[in-house]
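Contents: one structure, followed by commentary.
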Amino acid sequence: MEKNYENGRRNFIKQTALGTVSVSLGLTAMGSFLESCGSTRKMSGSFPSTSFGQQPLPYKYDALEDVIDARTMEIHYSKHAAAYSKSLNEAVSAEAPQVKTTEEILANISRYTVKMRNNAGGHYNHEMFWKSMRPKKSNNQPSGKLLADIEKTFGSFAEFKKQLETAATGRFGSGWAWLYFDGNKTLKIGSTPNQDNPLMSVSDIKGFPVLGLDVWEHAYYLKYQNKRADYVNNWWNVVNWDYIQQRYASVS
């Protein structure tokens, strides 16, 4: 009798506490509260965190010719990506002045405005994207553990490329295609709309992004016009697999 009473008492306290939290914080914050209690498994790498400032482009605008033309690179980096960084800093000042990294914002993005979501995602994605490329190389592909994992997971490197290309060309409108680690440290392929990414608490695909391909029109339109598939196919020639390997190794 006493045992049943004690169990009932504990359940009552638990339900009352949850109810109080949901009323005082609202449904969105309630999700964050449950996440902090461990109900949602999070995935993060040990990779260096991303600040809110735009880092220098690691090569000249014309370095990726003839895959990506200099004018596209200049506009993409100095206009589009710069705007994401500027707007992110504005949003952080207004909504989260205590937060120091973009990753922290992305992990709790449901707490913030659409402005924060779009620009935190846009900034993180582009800071990763620039480093994910280098001057054109023939027969460009990964090696070592990353290649072995790709071949084990997808059957072959060629099949991996095919699946990522499908994710990239099949994304309706603007967005990104990803190779990412899920919560079980398994490589997966997926895509997200707009500037969302797998680090976001609201994303349909969740995990640590290993490689990301920008399929917004401003990434390729000046050279390829509406031929996204040609851009995606040529992009493999400029992938910086050394950097991708570093991202992979930080989680694997």
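One rule links them: number in the working numbering = place in the sequence shown (from 1) + 6. Even glycine gets a Cβ: it sits at the ideal position worked out from N, Cα and C.
At the C-beta level, TRP182 and ASP220 come within 8 Å of one another. For ASP155, DSSP assigns no beta-bridge partner whatsoever. For GLU223, the closest alpha carbon among the candidates TYR254, GLY59 and GLY179 is that of GLY179. THR78 is positioned such that its CB atom lies no closer than 8 Å to that of LEU185. Looking only at SER209, ALA100, ASP236 and SER57, the smallest Cα-Cα distance to HIS129 is reached by SER57.
Per DSSP, VAL244 has no beta bridge partner at all. Taking a contact as a CB-CB distance under 8 Å, the pair VAL245 and LYS142 does not count as one, their CB atoms being some 10 Å apart. Cβ contact annotation for PRO64 (same chain, cutoff 7 Å, sequence separation greater than five): TRP136 and LYS137, in chain order.
For LYS167, the enclosing alpha helix (DSSP H) has its first and last residue at 163-176.
Per the C-alpha coordinates, the member of ALA76, ASP72, GLN60 and GLY59 positioned closest to LYS66 is ALA76. In this structure ALA88 does not touch ILE111 by the C-beta definition: roughly 19 Å separates them, more than the 8 Å allowed.
As computed with DSSP, LEU193 is found in a beta bridge with PHE187. Assignment of ASP220 by DSSP, reduced to helix, strand and coil, places it in the strand class. Here THR119 carries a coil assignment [DSSP, helix/strand/coil]. Per DSSP, ASN146 lies in no alpha helix (DSSP H) and is assigned neither H nor E.
For PHE58, DSSP assigns no beta-bridge partner whatsoever. Annotated three-state conformation of THR198 is strand, per DSSP.
As a beta-bridge residue in DSSP terms, MET139 pairs with VAL245.
When the Cα atoms are used, VAL73 and GLU171 turn out to be separated by approximately 16 Å. Using a Cβ distance threshold of 8 Å, ILE81 and LEU152 do not count as a contacting pair.
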